[in-house]
Each structure stands twice: as structure tokens, then as C-alpha cells.
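Report on one structure; see the data block that follows.
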Amino acid sequence: MSGQVTVVVRERLSPARQRKLRMLQELKELLTENKYFLVADIHGLPTSVVKGTRSLLRERNGYLKVVKNKVFLLALKEAGRYAEGIERVLQGQNAVIFTNDNPFSVVLFLEKQRITREARAGDIATNEIMIPSGNTGIPPGPVLSLFSKLNIPTRIQEGSIFVVKDTVVAKPGDRISPELAELLNKLGLKPIESKLRVKALCIDHRVVSPDEVELDPKVYAEKLKQAYAEALNLAVNAVLPAPEVVELAVRRAHAEALALALEAAIPTPEAAPLLLQKAEAAARALYEVLKRKNPSL
Numbered sequence: 002m003s004g005q006v007t008v009v010v011r012e013r014l015s016p017a018r019q020r021k022l023r024m025l026q027e028l029k030e031l032l033t034e035n036k037y038f039l040v041a042d043i044h045g046l047p048t049s050v051v052k053g054t055r056s057l058l059r060e061r062n063g064y065l066k067v068v069k070n071k072v073f074l075l076a077l078k079e080a081g082r083y084a085e086g087i088e089r090v091l092q093g094q095n096a097v098i099f100t101n102d103n104p105f106s107v108v109l110f111l112e113k114q115r116i117t118r119e120a121r122a123g124d125i126a127t128n129e130i131m132i133p134s135g136n137t138g139i140p141p142g143p144v145l146s147l148f149s150k151l152n153i154p155t156r157i158q159e160g161s162i163f164v165v166k167d168t169v170v171a172k173p174g175d176r177i178s179p180e181l182a183e184l185l186n187k188l189g190l191k192p193i194e195s196k197l198r199v200k201a202l203c204i205d206h207r208v209v210s211p212d213e214v215e216l217d218p219k220v221y222a223e224k225l226k227q228a229y230a231e232a233l234n235l236a237v238n239a240v241l242p243a244p245e246v247v248e249l250a251v252r253r254a255h256a257e258a259l260a261l262a263l264e265a266a267i268p269t270p271e272a273a274p275l276l277l278q279k280a281e282a283a284a285r286a287l288y289e290v291l292k293r294k295n296p297s298l
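All residue numbers for the sequence shown refer to my numbering, where the first residue is 2 and numbers rise by one.
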């Protein structure tokens, strides 16, 4: 043969491998476009809660992605966003929130959200659960036994089950029984509050746990007030000529000078009236003592 033909055989990627590559590329783009990311635990959370949180974050120009831990770790390294200790955070089932907003404000925002879901047997009630009075829209049948077992008063009216009065069926901290979960779902009630738990914030290649910082603005406001009061007190005692200090320092010096003048009985124009009042009070006290001893005075 006068020539050689080179055949290049390209490996055909499996659908799963293609999905991972697409996810890797998408994660790298999100890491490039956003300054911060937060890792949240989604273990045990229903899809409805994840979707609801995603919609809420989208209103703040934030993005939530459910990730595969190994793929996200690879994206961090390839995007130059790797943070020491991130492997310890990327355990279990996780979602990542990408944002250019202050990450602490995102955590506070999520803390205030209340996304509800259907009750499941074994759930712990997050709030008081009440079955409201009125038409349930459910025809009479085997379901009546659930109402009876849960001590919910009912009556049959117009071919439907009516709840006679508002009835509390669980208090915060109570465990949801299978019967109660079934009834709540039949009534279309979603009484369980559920939300993502942010495990870590990544700021400038540093992993920060929300537990390491105080997130309540009211606490910081009180700390600032206390720090200001302590700083002002120190400045007044040291007589530092700061604008906030001068007036207070002059008042304090004036009060101390007046007290000294009274103690030394120095008859300055300002002290004289006070000295006379002091002398008169002392004279009256002496008179009362003498009068008790000699009523004829």
C-alpha cells in the first residue's frame, strides 16, 4: 500500500456521563457568575419544598441546584473556587445556593420562610394543627372511622361529612400518627413547616458554619449600643476632647467643682444659695433634736 489510513475512533459517552458533564459545565458557570455559594442539607425534604425554595430564591436573583457531591467538588477545583474543608460539608444529599447577595442575608431570608408540606406518619408537628369546622367535601364512608378515632365531632349533611367544631388534633412537638397523617392528606391540609438547613457558607475560599456567627440583627444592634455606651463612658473618664464627650465632660467637671465648693463652704455666686440651704437644714435638724430634749424651747 502506498499510504496509510488512520482511523480515529471516538468514545461514545453514555447518557449518564453526558449528564454529568453538562452538570459540571453548568456548575462551573454558576461559580464564575456568582461571588458566594451556600451548601444546604436536603436529606428527607420532599421535592415540593426544594422547588418552593428555588422559586423564593429566584426572586432574589439566587439560584438553587441539587448537586452530586463529587461533581460539585470537581467543579470547585476547575473553577478555582475550592475551599479547605469543603469535603466535610459535601456529605449526604445537598443543594447549593449561588448568589451575589450577602450570604448571611440569604440565610436570614431562608430562616423566615415557611414552606408547608403534607404530613407523614412519624412527623413532628411544627405548629398546632387544627381541623376547621365546616364541610369537608368528603362523602361518608370508611373515613368516618378516622374522624371518630381522632375524637373529631362530625355530622352527615348534604351527602358530605361536616366537622361540627374547630378541633385541635396536634400540638407543637407531637408525633403524627398514621391515622392523623391519612386524614390530613384526605382533607388537603399541609400542616408541616419544612425548610432547607444551610450547613455552610463559602466566603473568599473559607468555609463558615452558620453556627459560628450570630445572624440575628437585633443581637448585633444591642451589642453596638452596649459598645457605644462603654466607649462613651471611657472617653468621658479619660476626658478625650471628642465632640460627643466635650459637653458631658464639662457638665461632669461643673458638678464636681460645685460639690467641692459646697464641701469646702466656698461662697461662690453659684454655691452660696446652696450653702445657705444646707446651713438652714442643719440648723433645723439641730433645733428638732434640742426640742425633743427640751420641749420648752
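Built from N, CA and C at the ideal position, the CB exists for glycine as well.
Remember, predicted model here, so these are calculated numbers, not experimental data.
Per DSSP, the unbroken beta strand (DSSP E) holding GLN158 starts and ends at 155-158. Counting along the chain, LYS21 sits inside no beta strand (DSSP E); it lies in the alpha helix (DSSP H) bounded by residues 16-34. Check the Cα spacing between GLU27 and each of ASP205, GLU289, GLU129, LEU65: the tightest is with LEU65. Under the three-state reduction of DSSP output, SER149 falls in the helix class.
At a Cβ-Cβ threshold of 7 Å, SER161 and GLY135 do not count as neighbours. Closest option to PRO192, judged by alpha-carbon separation, among LYS71, GLU257, VAL50: VAL50. Per DSSP, the continuous alpha helix (DSSP H) segment holding ASN70 begins and ends at 70-79. Burial is judged here by how many other beta carbons sit within 10 angstroms of a residue's own beta carbon; VAL68 has at least 16 and is buried.
Around the Cβ of ILE43, a 10 Å sphere holds 16 or more other Cβ atoms; the residue is buried. Per DSSP, the unbroken beta strand (DSSP E) holding THR100 starts and ends at 95-100. If the five residues before and after LEU259 are omitted, its C-beta is found closer than 7 Å to the C-beta atoms of GLU271, ALA272, all from its own chain and listed in chain order. THR117 is bridged by DSSP to GLU194.
Look at TYR83 here: in three-state DSSP terms it is coil, with no helix or strand label. Non-local C-beta neighbours of LEU188 in its own chain, meaning closer than 8 Å and more than five positions away in sequence, comprise ILE132, THR137, ILE139, ordered along the chain. With a 10 Å radius around the Cβ and a threshold of 16 neighbouring Cβ atoms, ILE177 comes out buried. Under DSSP, the beta-bridge partners assigned to GLY135 are VAL164. In this structure, DSSP gives LEU241 a state outside helix and strand, which the three-state scheme calls coil.
Relative to the Cα of LEU57, the nearest Cα in the group ILE98, PHE73, ARG18, ASN35 belongs to ILE98. Judged by DSSP secondary structure, VAL144 falls outside any beta strand (DSSP E); it is assigned neither H nor E. Rounded to the nearest whole angstrom, the C-alpha separation of ASN70 and THR168 is 45 Å.
The Cβ atoms of VAL240 and ALA250 lie closer than 7 Å to each other. In this structure LEU151 is in contact with LEU184, their Cβ atoms being roughly 6 Å apart against a cut-off of 8 Å. For PRO47, the closest of ARG20, VAL144, PRO211, LEU197 by C-alpha to C-alpha distance is LEU197.
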